[in-house]
Structure formats: structure tokens, C-alpha cells
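Asker: Pasting a structure here, questions to come.
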Amino acid sequence: MDDAAAPVSRRADPQPAGSTATLSARSDRRDAGRDAGRSTDRGAGDQDFRTQGALAVQPEPYQHPVAETASKPVTVTLTGFADARQVGETYRDGTAVILDMTDLTDAEARRMVDFAAGLAFAVHGSIDKVTTKVFMLHPPAAS
């Protein structure tokens, strides 16, 4: 066999490529870099901090938005489509509205449900059927 065809190893390590001594030394270097700056004995007063590169960043206080306390829903007993304005204004102000349409004809009630569904859609709220001819409009914060 020709000497020129033999593979030439240019490794500087005296250990073979699969040697456990080489692998454990590399692993130790990696672990040392990862654990740099971390204390292993943690006291009761220690806090966890986020890091940004090599810089520890103290968490800033954050106040979670809390939905306002749910106000009592307003019940509107409808006698005709003329009552739609009261429903719309109350709902637009963020108050849940119970629509009592038991005194309306089926055609008027259907028209009022269409109006209420449009209100709910427009402000990203929701509408639920409670019983026959009684619906509840939920404002967006309560959905």
C-alpha cells in the first residue's frame, strides 16, 4: 500500500477521538461555563433572576390587569323595538343586560334578538339564551 494514500491525523490531542478522558474534560469545561456565576448553596432570601447574556436582570414588578368586579346585570323588559336604545346604551357602557322579551310578539322578539346579536358582535361581547324570549348580553370583559 502507498504511504500517500494513508489517512493523516492532524489532532493535537494525544487521546484517541473516542476517549472518555477527552469527553469528560470537554463536558467539565461546558458545565463550568454554564454554572459560572451560580451559587449552589441558596439561602432563604435568595431570588431567581433572569439573565440577559452575562447580565442578571432583576424582575420588575408587574401588576396583572384585573377585571372590574362584575356589576349586577340590568334587566330590561321590552315592550317594543323602541326600547332598543336603552338596551344599546346600557350594554355599550359595559353592563350586562338581561333582555326580557316575553311581552313581544315572535316577530318583534326575533328582530330584537338580531339587534342584540349585532351589539354583541360589534363590541366583542356575547349573547346567551336564558329561556324562551329571555336573553343575556355579556360585555367583552365578562365573556
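For the sequence shown, full-length UniProt numbering gives the first residue as 1, with consecutive numbering after it. Beta carbons are placed, not taken as given, at the ideal position from N, Cα and C, and that holds for glycine. None of the values given here were measured: they were computed from a predicted structure.
1) State buried or exposed for F135, treating a residue as buried only when at least 16 other CB atoms are found within 10 Å of its CB.
2) Excluding the 5 residues preceding and the 5 following T75 in the sequence, name in chain order all residues of the same chain whose CB lies nearer than 7 Å to its CB.
3) If you drop the 5 nearest sequence neighbours on each side, which residues of the same chain put their C-beta closer than 8 Å to that of G43?
4) Just the Cα atoms here: how many angstroms apart are E108 and G80?
5) If you compare alpha carbons, which of F115, P139, D103 and A120 is closest to D133?
6) If you count every other CB in all the chains shown that lies within 10 Å of the CB of G125, and 16 or more means buried, which is it?
7) Taking the continuous alpha helix (DSSP H) assigned at L119, which residues delimit it?
8) Taking only the alpha-carbon atoms, compute the straight-line gap between A117 and K72 and give it to the nearest angstrom.
9) Ordered along the chain, which non-local residues of its own chain (more than five positions away) have a Cβ less than 6 Å from that of D41?
Answerer: According to the data block:
1) Burial call: buried.
2) Only I98 and D100 meet the Cβ criterion.
3) With a pLDDT of only 49 at G43, under the threshold of 50, the placement of this residue in the model should not be trusted, and no figure is reported.
4) Roughly 7 Å between the two C-alpha positions.
5) Checking the sequence shown, residue 133 turns out to be Lys, not Asp. Comparing alpha carbon positions, the residue from F115, P139, D103 and A120 closest to K133 is D103.
6) Buried is the call here.
7) That run of the alpha helix (DSSP H) goes D106 to A122.
8) C-alpha separation (whole angstroms): 21 Å.
9) The predicted model places D41 with a pLDDT of 49, which falls under 50 and marks its position as unreliable; any figure quoted below should be read in that light. Sequence-distant partners of D41 (beyond 5 residues in either direction) whose C-beta falls short of 6 Å from its own C-beta are missing from its chain.
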